[in-house]
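Letter by letter, the sequence shown follows residues 1 to 374 in the UniProt record's numbering.
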Amino acid sequence: MRPSVDTAERPLVLIWEVTQACELTCDHCRADAQPARHPEELSTAEGKELLDQAADFGERQLVVLSGGDPMKRPDLVELVDYGTDRGLTVSLTPSGTDELDADSIGGLADAGLKRMALSLDGATPERHDAFRGESGSFEATMRAARQAQEAGVPIQINTTVCADTVEDLPAIRDVVAELGAVLWSVFFLVPVGRGQVLDPVPPERAERVMEWLAEVADEAPFGLKTTEAPHYRRVRRQAAAESADAAGAGAPTDDENRRASVLAGDGFAFVSHTGEVYPSGFLPQSAGTAPEDHVAEVYRESELFTSLRDRDELGGKCGACPFREVCGGSRSRAYAHTGDPLASDPLCGYVPPDYDGPLPWDDATDAVRAEGRP
Ligand code: SF4
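So, in structure tokens, the structure goes:
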């Protein structure tokens, strides 16, 4: 069954990193954010051209203005306004700083902003601020969440899963519910940028977290998706198959599954602050430079993007996996660990039944291989 959004034609999510500048020094920062704006970041005119190209993907294309901290761009409201006029669904991922106040949020809401995604990596000021490297960030984030809702802008909460945050996830889930967020986006760490100093959770812990997330998704008042963890799709399939409805009537549809976790280059694309078009911010291999290269053409036709969408190209256990069409593994993590975006995802503990090739982690045990699950 084809999903209602053909991800060979358009991404579900197009991220534009409008700037690398940011005041925070978060431990996990993919962007290696800096205090100052890069002299070669896309200009206002180039940014508008990029938004014109994004509109060519089709009606209501989702464009997320990201950073760094997008609030560092003085033309941010102008860009939101322009994108909205072009029929785009424009969302924003600002940093939790004092620049995010009622006035600035009100201006963005008036320009047509459809959603604001805020990062929350701890359920208390102590835990969140330690992770984000800035005291007061938790309070600024809570305040911005309330102000966004008062301005009529729905909020999304983004959380990083790593060894430092995993114990706090249930408490963070409660804060997400209390805030009235519409979506919880749970990002499984990819060791890129400053994130290389953090410890990821091991595969067996990731599996338990995904099983727990599937339960949360069934009960929570908000939507839930994972980032860089498409094996969440496999976990949900397996849970549905193991449930009383063995026929799979309760299993997520292909479209729900894709929305539950989009993949680099397959439902997801990223334009860097200097216009490089990457499959993801965590897979910094350039397939073209926007706006000189049309972003839709790069997404649809470049060799890198088309190979990432072809599950027959996958190597290792991902290539032998019966779930490769619904999952496919994190191409970004494979790239970060091996330099090959088509290699196996080392965070996934599943071993395909008849697979006896190399495993992507060092300490695999016979028990893991025999059970096929951690
Ligand atoms: S082995 Fe690869 S394709 Fe299969 S479930 Fe794990 S990450 Fe997904």
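The C-beta atom is built at its ideal place from N, Cα and C for all residues, glycine as well.
In this text, all values refer to a predicted model and were calculated from it rather than measured experimentally.
1) Is the region 152-171 in contact with the region 182-197, if contact means three or more CB pairs nearer than 8 Å?
2) Which of the three DSSP states, helix, strand or coil, is assigned to G248?
3) Please report how far the alpha carbon of G248 lies from the alpha carbon of E301, in whole angstroms.
4) Starting from the N-terminal side, write out each stretch of the beta strand (DSSP E) that is 3 residues or longer and does not extend beyond the region 80-115.
5) Given a threshold of 16 other Cβ atoms within 10 Å of its Cβ, counted over all protein chains shown, does V197 qualify as buried or as exposed?
6) In terms of residue numbering, what span does the alpha helix (DSSP H) encompassing L51 cover?
7) Does L76 come out as helix, strand or coil in the three-state DSSP assignment?
8) If contact is defined by three or more beta carbon pairs under 8 Å, each pair taking one atom from either stretch, is the region 107-119 in contact with the region 74-94?
9) Does the distance from the C-beta atom of Q147 to that of G180 stay below 9 Å?
10) Is A181 helix, strand or coil when you go by DSSP?
11) Are the C-beta atoms of T44 and some chain B residue less than 9 Å apart?
12) Would you kindly work out how many angstroms separate the C-alpha atoms of E17 and F270, rounded to a whole number?
13) For P191, which residues of its own chain have a beta-carbon under 6 Å away from its beta-carbon, when the five flanking residues on both sides are left out?
14) Where do the N-terminal and C-terminal ends of the beta strand (DSSP E) with L14 fall, by residue?
15) Are the region 227-241 and the region 200-213 touching, with three or more C-beta to C-beta distances below 8 Å?
16) Would you identify the three-state DSSP class for Y278, choosing helix, strand or coil?
17) Would you say the beta carbon of F323 comes nearer than 8 Å to a heavy atom of the ligand SF4?
18) Out of curiosity, what's the CA-to-CA distance linking A144 and A123?
19) Beta-carbon within less than 8 Å of A177's beta-carbon, same chain only, minus the 5 sequence neighbours each way: which residues are those?
20) Under a Cβ-count criterion, where at least 16 other Cβ atoms within 10 Å of its own Cβ denotes burial, should R2 be classed as buried or exposed?
21) Give the DSSP-derived three-state secondary structure of F305 in the structure shown.
22) How many angstroms separate the CA atom of L304 from the CA atom of P346?
23) When burial is assigned at 16 or more other CB atoms within 10 Å of the CB, is E59 buried or exposed?
24) Alpha carbon to alpha carbon, how far is P353 from P70? Give it in angstroms, no decimals.
The answer reads as follows:
1) yes
2) Here residue 248 is taken as the residue at index 248 of the sequence shown, counted from 1. Bear in mind that a pLDDT of 48 at G248, under 50, signals an unreliable position, so the number given afterwards is only what the model happens to contain. It is coil, neither helix nor strand.
3) Mapped onto the sequence shown, residue 248 falls at position 248. Mapped onto the sequence shown, residue 301 falls at position 301. The pLDDT assigned to G248 is 48, lower than 50, so where the model puts this residue is not dependable; a value taken from the coordinates is nonetheless given after this. Cα-Cα distance, rounded: 35 Å.
4) 89-92
5) Stepping through the sequence shown from its first residue, residue 197 is reached at position 197. Exposed: under 16 other Cβ atoms inside 10 Å.
6) In the sequence shown, residue 51 corresponds to position 51, counting from 1. 44-55 is the extent of the alpha helix (DSSP H) around L51.
7) Here residue 76 refers to the residue found at position 76 of the sequence shown. Correct three-state label for L76: helix.
8) yes
9) Here residue 147 corresponds to residue number 147 of the sequence shown, with the count starting at 1. Here residue 180 corresponds to residue number 180 of the sequence shown, with the count starting at 1. Against a cut-off of 9 Å, the Cβ pair of G180 and Q147 comes out as no contact.
10) Position 181 of the sequence shown, counted from the first residue, corresponds to residue 181. DSSP places A181 in coil when its eight states are reduced to three.
11) As a matter of chain content, chain B is missing from the structure shown, which is built from one protein chain.
12) The residue given as residue 17 occupies position 17 in the sequence shown. The residue given as residue 270 occupies position 270 in the sequence shown. Rounded to whole angstroms, E17 to F270 spans 7 Å at the Cα level.
13) To locate residue 191, count along the sequence shown from 1; it is residue 191. Taken in chain order, the residues that qualify are A336.
14) Residue numbering aside, residue 14 sits at position 14 when the sequence shown is read from its first letter. Here the beta strand (DSSP E) through L14 covers 13-17.
15) yes
16) Here residue 278 is taken as the residue at index 278 of the sequence shown, counted from 1. In this structure, Y278 counts as strand in the three-state DSSP scheme.
17) Residue mapping note: residue 323 aligns to position 323 of the sequence shown, counting from 1. Yes, since a heavy atom of the ligand SF4 falls inside the 8 Å radius drawn around the Cβ of F323.
18) Mapped onto the sequence shown, residue 144 falls at position 144. Mapped onto the sequence shown, residue 123 falls at position 123. Distance between the alpha carbons of A144 and A123: 16 Å.
19) For the purposes of this step, residue 177 is identified with residue 177 of the sequence shown, where counting begins at 1. So the qualifying residues of the chain are A220, P221, F222.
20) Taking the first residue of the sequence shown as position 1, residue 2 is located at position 2. Confidence in R2 is poor, its pLDDT being 38 and thus under 50, which makes the residue's placement unreliable; the coordinate value appears in the next sentence. The residue in question, R2, is exposed, as its Cβ has fewer than 16 Cβ neighbours within 10 Å.
21) Locating residue 305 in the sequence shown gives position 305, where the first residue counts as 1. F305: helix per DSSP, three-state reduction.
22) Taking the sequence shown and counting its residues from 1, the one referred to as residue 304 is at position 304. Taking the sequence shown and counting its residues from 1, the one referred to as residue 346 is at position 346. Approximately 21 Å between the Cα atoms of the pair.
23) Numbered from its first residue, the sequence shown carries residue 59 at position 59. Counting Cβ neighbours within 10 Å, E59 comes out exposed, since fewer than 16 surround it.
24) As a working note, residue 70 is residue 70 in the sequence shown. As a working note, residue 353 is residue 353 in the sequence shown. Between P70 and P353, the C-alpha separation is close to 46 Å.
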